[in-house]
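Residue numbers (the numbering used here): 16 to 84. Just below is one structure, and these are the notes that go with it.
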């Protein structure tokens with residue numbers, strides 16, 4: 016499953032172009048993310064209907080300190 020690996024960390028106003036964004040690559044091994052597992056120990060994947068399409072998505076948990084979000 017894909018993981019979005021770039022985040023806009025900061026931006027800067029310039030005289031010529033207006034605003035300049037700085038993108039930083041994200042290594043998923045260095046962020047407090049982990050996949051949520053179902054009772055069988057497999058990754059939890061859900062499905063939602065959007066219009067006439069069915070979209071599957073994977074559930075992830077973000078751990079901040081000792082409190083999971």
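Even glycine gets a Cβ: it sits at the ideal position worked out from N, Cα and C. Since the model is a prediction, treat every value here as computed from it, not as a measurement.
Thinking residue i and residue j are a contact (beta carbons under 8 Å), I'd like their distance in whole angstroms, please.
i          : j          : result
residue 74 : residue 51 : 4 Å
Return the CA-CA distance between residue i and residue j, expressed in angstroms with no decimal places.
i          : j          : result
residue 26 : residue 34 : 7 Å
residue 77 : residue 42 : 14 Å
residue 16 : residue 53 : Residue placement at residue 16 cannot be trusted, given a pLDDT of 43 that sits under 50; what the coordinates show is reported in the next sentence. In a straight line, the C-alpha of residue 16 is about 17 Å away from that of residue 53.
residue 79 : residue 47 : 7 Å
residue 49 : residue 72 : 14 Å
residue 66 : residue 45 : 36 Å
residue 36 : residue 68 : 34 Å
Please classify residue i: does DSSP put it in a helix, a strand, or coil?
i          : result
residue 16 : The predicted model places residue 16 with a pLDDT of 43, which falls under 50 and marks its position as unreliable; any figure quoted below should be read in that light. Residue 16 falls in the coil class under three-state DSSP.
residue 43 : helix
residue 34 : strand
residue 79 : strand
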